[in-house]
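*Asks:* Residue numbers (full-length UniProt numbering), protein chains in the order written: chain A, 1 to 279; chain B, 1 to 393. All residues carry an ideal CB built from backbone N, CA and C; glycine is no exception. Being a predicted model, the structure only gives us computed values, none of them experimental. Have a look at this one before I ask anything.
Here you go:
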């Protein structure tokens, strides 16, 4: 009996803690959503639940290219950067996890260094370099730095996944008559899939959320991404506060991330490699 | 099917460590050969070199008379069963077994036929559509075997395939591996550290130590005529008893008393130029309770008296353990054997004599017993080189 009340008490404590965490994380998101649904007159009333519901803010942002074009840029740039970073990261991570080669420690060290490098210190040099090379305000101009900063993340995440795949499976594939490429494609890659999807999500979020490079290395709608474009939002007149439309845009750009995670979550099945080897 | 020849095959690692030194083995077509030795003896390295998973640093490997050193694993046409089974977890049992055939671009009908056939042999028919994760250890082991046999390779390599199974299943699988090999008559190289598997499975056994071949021969021959202390101590369970002794005029003085050597033993030792200090070895089953030996034999044999330390009754036989005062020292090979068996860490176990007695023996713990043994069965070893002085091969 005492045991039961003890566990009940524990459960209650954990439940309380969980609720606090969830509320802490979700309230700002819901607040933004609530703001985006309020009409211009009630936006500053401080109510959590809008008194006057409207979709006008959403209509407004989709009525101008000011939002649609950056949205298109964001999706394109983030997808391309993610794709390239994951492919390169897979190769590098495989080498780091499986091969012994001179300079391996150095490679891992340098990639860690890149990940920790303060990005702000690179903005001015990058700005000058890109202007000289004609990359400024173009898609590649953002894709390249994104790949650079996403690669360490991709290599670290992927190499830990690769390390979990039993080495003997690859030997077995070789003994079964596979070339190294076949062994990788038919045995290692399918088993690494959950890791690849996890990495893809992380890298995509990293690129999607970036503001610093997006604001510094773009100047027009040709390549400006949504986080940067949001800061250029104006109301109908300069005396009008664009809070409602910014909120609506913020809600809209959260949706791809949510979709991305939900879509790939199914693929991230824990314990896919169980049964391969004993133990 | 093929013969496999290892001609002075050597494995040297970049750090200078030599895992396998000049290994010479000729494996005949269809032969079942066992590589056995304690961990770190180079047996798995040797197997991986035959498979092509590790480079050969020196010497030549010939499969079917052709040099295979530089061939990639897929061109050697050899199948391997791994200790961990290494089944592909994302494929069903059927796909696992079909995998080598699919890579060889065999047409679907043949693939199905071959997989069904292999499944039939291994009794896996009901499990073909399951995933490895849902199989028991024994079933996984059979799938691994199935994957090896479907494509009728030139040879099988098995790397401790039974060591992950529990004792009972291991016994069953040992028999079926043996039967399967006879049925298929494919050259098989089998690596194990278990001397029971080595004794029961192979046509011939290769005993390895520190990357060097110690002796090659049939299990029975290794048992009766070990080339050195290491083989003598490794083969046989419980292992051979060793006692230090002094040899003088055909008489052995040791803790077992003063023993007159038989003519055959004496001739062999003299021919080998035996030193005065020797290590005498005798197997547990060559001892007997003196009261159970008939008069005639008793005369011919030697006896010693000691207190029974521990008595294990197995029903069909009894194992009596005696402690001896004298410590056996100075042999590196025995030290390694003890380390491998784990007995080096057990205090006082280095000087125990194990005897296997008839179940009718009246031996009792703590009581004195007179034990008879046949001096004809004595094996004498040079304590320095470990060489068997009574080797008659």
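For residue 49/B, count neighbouring C-beta atoms within 10 Å of its own C-beta (all shown protein chains included) and say buried if the count is 16 or more, exposed if not.
*Replies:* Residue 49/B should be labelled buried.
*Asks:* For residue 18/A and residue 11/A, I'd like the C-alpha separation in whole angstroms.
*Replies:* Going from the Cα of residue 18/A to the Cα of residue 11/A covers about 10 angstroms.
*Asks:* Reducing DSSP to helix, strand and coil, say where residue 166/A ends up.
*Replies:* Looking at residue 166/A - three-state DSSP - the assignment turns out to be coil, as it is neither helix nor strand.
*Asks:* Would you grab the beta carbon distance between residue 156/B and residue 186/B for me? Rounded to a whole angstrom, and I think it's under 8 angstroms.
*Replies:* Yes, residue 156/B and residue 186/B are in contact; Cβ-Cβ is about 6 angstroms, under 8 angstroms.
*Asks:* Using the C-alpha atoms, what's the distance from residue 161/A back to residue 168/A?
*Replies:* Spanning the two alpha carbons is a distance of roughly 15 angstroms.
*Asks:* Please say whether residue 86/A and residue 179/A have beta carbons closer to each other than 9 angstroms?
*Replies:* No, they are not a contact pair.
*Asks:* In chain A, which residues lie with their C-beta within 8 angstroms of the C-beta of residue 80/B?
*Replies:* 171, 172 and 175, listed in chain order.
*Asks:* Mind checking if residue 320/A is an interface residue toward chain B, Cβ cutoff 9 angstroms exclusive?
*Replies:* Residue 320/A cannot be examined here, being either before or after the span of chain A that is shown, 1 to 279.
*Asks:* What are the boundary residues of the alpha helix (DSSP H) that includes residue 231/A?
*Replies:* Where residue 231/A is concerned, the enclosing alpha helix (DSSP H) stretches over 226-231.
*Asks:* How is residue 8/B classed by DSSP in three states: helix, strand or coil?
*Replies:* Looking at residue 8/B - three-state DSSP - the assignment turns out to be strand.
*Asks:* Look at the Cβ atom of residue 137/B, then the Cβ atom of residue 119/B, and state whether they are nearer than 9 angstroms.
*Replies:* Against a cut-off of 9 angstroms, the Cβ pair of residue 119/B and residue 137/B comes out as no contact.
*Asks:* Quick check on residue 274/A: does DSSP put it in helix, strand or coil?
*Replies:* Confidence in residue 274/A is poor, its pLDDT being 48 and thus under 50, which makes the residue's placement unreliable; the coordinate value appears in the next sentence. Coil, per DSSP.
*Asks:* Residue 150/A: buried (16+ other C-beta within 10 angstroms of its C-beta) or exposed?
*Replies:* So residue 150/A ends up on the buried side.
*Asks:* Enumerated in chain order, which unbroken segments of the alpha helix (DSSP H) with a length of 4 residues or greater are wholly contained in the stretch 146-191 of chain B?
*Replies:* Counting only runs of 4 or more, we get 167-184.
*Asks:* Chain A beta carbons: is any one of them nearer than 9 angstroms to that of residue 103/B?
*Replies:* Chain A contact via Cβ: present.
*Asks:* May I ask you to list, following chain order, the residues of the stretch 87-116 of chain B that have a beta carbon less than 7 angstroms from some beta carbon of chain A?
*Replies:* The residues in question are 87, 88, 89, 90, 99, 100, 103 and 104.
*Asks:* So the beta strand (DSSP E) residue 59/B belongs to, where does it begin and stop?
*Replies:* Unbroken beta strand (DSSP E) run through residue 59/B: 58-63.
*Asks:* Can you find a C-beta in chain B that's less than 9 angstroms from the C-beta of residue 196/A?
*Replies:* For residue 196/A, the answer is no, since every Cβ of chain B falls outside 9 angstroms of its Cβ.
*Asks:* Does the CB of residue 51/B have a neighbour CB from chain C at under 9 angstroms?
*Replies:* Of the protein chains in this structure, namely A and B, none is chain C.
*Asks:* Using 9 angstroms as the limit for Cβ to Cβ distance, is residue 147/B near chain A?
*Replies:* Taking Cβ atoms only, chain A reaches closer than 9 angstroms to residue 147/B, which makes this a yes.
*Asks:* Can you confirm whether residue 186/A, when its beta carbon is compared against all beta carbons of chain B, has any partner nearer than 9 angstroms?
*Replies:* Closer than 9 angstroms: yes.
*Asks:* Would you decide whether residue 193/B is buried or exposed? Buried here means 16 or more other CB atoms lie within 10 Å of its CB.
*Replies:* Buried, since its Cβ has 16 or more Cβ neighbours within 10 Å.
*Asks:* Is residue 51/B buried or exposed, if buried means 16 or more other CB atoms sit within 10 Å of its CB?
*Replies:* With 16 or more Cβ atoms within 10 Å of its Cβ, residue 51/B is classed as buried.
*Asks:* Kindly indicate the opening and closing residues of the beta strand (DSSP E) around residue 242/B.
*Replies:* Per DSSP, residue 242/B belongs to the beta strand (DSSP E) from 241-248.
*Asks:* Does the stretch 74-84 of chain A come into contact with the stretch 197-212 of chain A, if we say contact requires no fewer than three beta-carbon pairs (one atom in each stretch) closer than 8 angstroms?
*Replies:* The stretch 74-84 of chain A, when compared against the stretch 197-212 of chain A, does touch it at the 8 angstroms Cβ threshold.
*Asks:* Have a look at the DSSP bridge pairing and note the partners of residue 228/B.
*Replies:* Its beta-bridge partners are 387/B.
*Asks:* Just the C-alpha distance for residue 14/A and residue 236/B, rounded to the nearest angstrom, thanks.
*Replies:* Cα-Cα distance, rounded: 60 angstroms.
*Asks:* Contact criterion: CB-CB distance below 9 angstroms. Does residue 164/A meet it with respect to chain B?
*Replies:* Not one chain B Cβ lies under 9 angstroms of residue 164/A.
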